[in-house]
Amino acid sequence: MARSACVPPPPANRIAVIVMKTDAGPALCPFFGKCDGIWIVDTLTGATEFHANPQRTSAALCDLIVAARPGRLVCGFIGEPEKQRLCAAGIDVRLGPCVRTIQELVACFPALVAA
């Protein structure tokens, strides 16, 4: 019997947020592919990391997100093809309001609307 390779799901404690840079710091970006990058928060350690999105396309951003392996993602908007790709990679995608801080979005992730 042949075995298929199993890829473990991304860790749920790594939450990525699609961000744009502002004077006050990173904030949720309302545009998917045009964002400055992703801000990842590890909810177990509190560590954060930024991954830039230099190509500024939806496909490149999807590649960046999948490579960073967050288990969860918060965005202001996401198209259906991008949502399907990220969900297929095991990422829980939610929509958040752009008026909330990154910390608030991470803290209330379970209450956010599924994309």
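For the sequence shown, counting from 1, position 50 maps to 49 in numbering that gives the first Met the number 0; every step adds exactly one.
The beta-carbon is built from N, C-alpha and C at its ideal position, and this holds for glycine as well.
Only a predicted model underlies this, so the values are computations on that prediction, with no experimental measurement involved.
Along the segment 23–54, the beta strand (DSSP E) occurs as fully enclosed runs of 3 or more residues at 24–27, 36–41 and 47–51, listed in sequence order. Going by C-alpha positions, Pro10 is about 15 Å away from Glu48. The alpha-carbon separation between Met19 and Leu27 amounts to approximately 6 Å. The continuous alpha helix (DSSP H) containing Cys86 extends over residues Glu79 to Ala87. Per DSSP, reduced to three states, the secondary structure at Leu63 is helical.
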